[in-house]
Amino acid sequence: MATKRDYYEILGVDKNVSPEDLKKAYRKLALKYHPDRNPGDKEAEEKFKEAAEAYSVLSNPDKKARYDQFGHAGVDGAGGFGGGGMDMNDIFSQFGDLFGDLFGGRGGGFGFGGFGGGRQQRRVMRGSNLRIKMPLTLEEIDSGVEKKVKVTKYVSCKTCSGSGSRTGSLEPCPHCHGSGVVTEVRRTILGQMQTQSPCPHCGGEGRVVKDKCPDCHGDGIVKAEEVISIQVPAGVTDGMQFALSGKGNAAPRGGIPGDLVVVVDEQPHELFERQEQNLYYNAFVTFSDAAMGGSVEIPTLHGKVRVKIEQGTPSGKVLRLKGKGLPSAGGYGRGDLLVCVNVWVPKSLTKDEKAILESLKSSPNFKPNPTRQERGFFDKMKDLFNQ
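With the working numbering applied, the sequence shown covers 48 to 434.
This is the structure:
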């Protein structure tokens, strides 16, 4: 699969571009590569779609924030995130108002029923979005995972192929004559005023179903279950949302399907606590190991490692295992595993154990005598855990 170009590079703008300048940059490219100006030019059509996809992300504050933080992984529908390639209907229905009358008064060819025909604009129905929560373990977040989910949603009716008609054909609406709009002329003090609005009889579609399908009753959609494969990239965070373009509810009579919005639900881990890309783990060592030195086995998301405990290690000391945390969703390295050493203090002692400890009470090495550096240890701990 070809690597996607940077959205800012496509539109020729920087990250601090204003909404107005972003719109101007997109409009300039879209007009340059518009299908009406480049009939039959596949390269121009691809650049037209590429610019529209970039604008659809950067003009949306939420999508732009995810893109700035995680790159294409944050918004790419092909990998489980919103975007995922746009078709002409998507572009025409979303951005037609940016083109005004530059193409003969028909919205730059952005008619809701298609482009290149000089017809009145018709409304294309759009299916609603669906939202699901996806539980993920830290192990799945660490490596990325493909999940299959069963979703109950509206799908295109197989009996009528989504047309809503028993015969598969629709007729022009007799009220708007297929245009999808009705015109009303009113007399005002300024003279006659003419307004257009979606036709109330066909909902702006310009077509009506005469012989309705018995299964969908003319809607072109029915409820059904569908198994959807979702590719979750590594490093996602709890609460992150991403969309699978076109995987939501189907739209009536062959319209544009909605999106499936997936919300990451990170599950608590038995051993680790997470803060951004870092993981935290409490390791318990014996008093003997802390005093004389030794080693302790530490679990990670990729198996166990043995860590050296230096002689005289105090309880609360934090050991940093570089690169043993979680990857960044943007692909920029890994976090660390921070191991907090806790000296295990027994809750009960035998008679012999008490005698041994009593004999050590008077030993100079067992009397607390912290250095200045050790006295400031907890301030350092606060700074470390607030990073």
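Ideal Cβ positions, reconstructed from N, Cα and C, are used throughout, including at glycine.
| Asked | Found |
| --- | --- |
| Three-state class that DSSP yields for L373 in the structure shown | coil |
| Burial state of L373, where buried means 16 or more other Cβ atoms lie within 10 Å | buried |
| Backbone secondary structure at V386 - three-state DSSP | strand |
| Option nearest P66 by Cα separation, candidates Y102, A376, I57, E93 | Y102 |
| Beta-carbon proximity of D285 to E317, cut-off 7 Å | no |
| Distance CB(E252)-CB(G215) smaller than 7 Å | no |
| First through last residue of the beta strand (DSSP E) which encompasses Q322 | 320-322 |
| V365 vs L348 beta-carbon contact at 7 Å | no |
| Buried or exposed by the 16-neighbour rule on C-beta atoms within 10 Å, applied to G152 | Caution is warranted here: a pLDDT of 37 is assigned to G152, below 50, making its placement in the model unreliable, and the coordinate value is therefore given only provisionally. The residue is exposed, with fewer than 16 neighbouring Cβ atoms inside 10 Å. |
| Where R419 falls: helix, strand or coil (DSSP) | helix |
| DSSP-derived helix/strand/coil call for G127 | Since pLDDT at G127 reaches only 36, below the 50 mark, its modelled position is unreliable, and the value read off the structure follows with that caveat. Three-state DSSP puts G127 in coil, outside helix and strand. |
| Classification of G156 by the beta-carbon crowding that lies within 10 angstroms, buried from 16 upward | Residue confidence is low: G156 scores 39 on pLDDT, short of 50, so the model does not pin down where it sits. Its coordinate-derived value is still stated next. Buried, by the Cβ-count rule. |
| Proximity winner among K371, S406, V279, V332, relative to R321 (alpha-carbon distances) | K371 |
| F95 - containing alpha helix (DSSP H), residue span | 89-105 |
| CB contact flag (A290, S203, <7 Å) | no |
| Own chain partners of V60 with C-beta closer than 7 Å, once the 5 adjacent residues on each side are dropped | D68, L69, A72 |
| Beta-bridge pairing of K259 - partner residues as DSSP gives them | S212 |
| Secondary structure of G121, DSSP reduced to three states | helix |
| Coil, strand or helix - K62 by DSSP | coil |
| Span of the beta strand (DSSP E), counted from its first residue to its last, around E313 | 307-313 |
| Simplified DSSP state of R233, which is helix, strand or coil | strand |
| Outcome for V279 when other beta-carbon atoms lying within 10 angstroms are tallied against a minimum of 16 | buried |
| Proximity winner among R254, A99, G282, E56, relative to A77 (alpha-carbon distances) | A99 |
| Check whether G209 and G267 have beta carbons under 7 Å apart | yes |
| H119, buried or exposed, once every other Cβ within 10 Å from all chains shown has been counted against 16 | buried |
| Residues that DSSP places opposite F331 in a beta bridge | N389 |
| The region 269-283 touching the region 185-202, judged by at least three CB pairs closer than 8 Å | yes |
| Short Cβ contact (7 Å threshold) for V390 with S410 | no |
| Residue range of the unbroken beta strand (DSSP E) whose run includes K200 | 192-203 |
| As assigned by DSSP and simplified to three states, the class of Q358 | coil |
| Inter-residue spacing [alpha-carbon to alpha-carbon] between L368 and D383 | 6 Å |
| Nearest to L177 (by Cα), restricted to the options I57, N416, S292 | S292 |
| Limits of the alpha helix (DSSP H) - the one that I403 falls within | 398-408 |
| Alpha-carbon to alpha-carbon, T333 and V392 | 8 Å |
| Host beta strand (DSSP E) of T347 (start-end) | 341-347 |
| Backbone CA spacing between K96 and F117 [nearest angstrom] | 22 Å |
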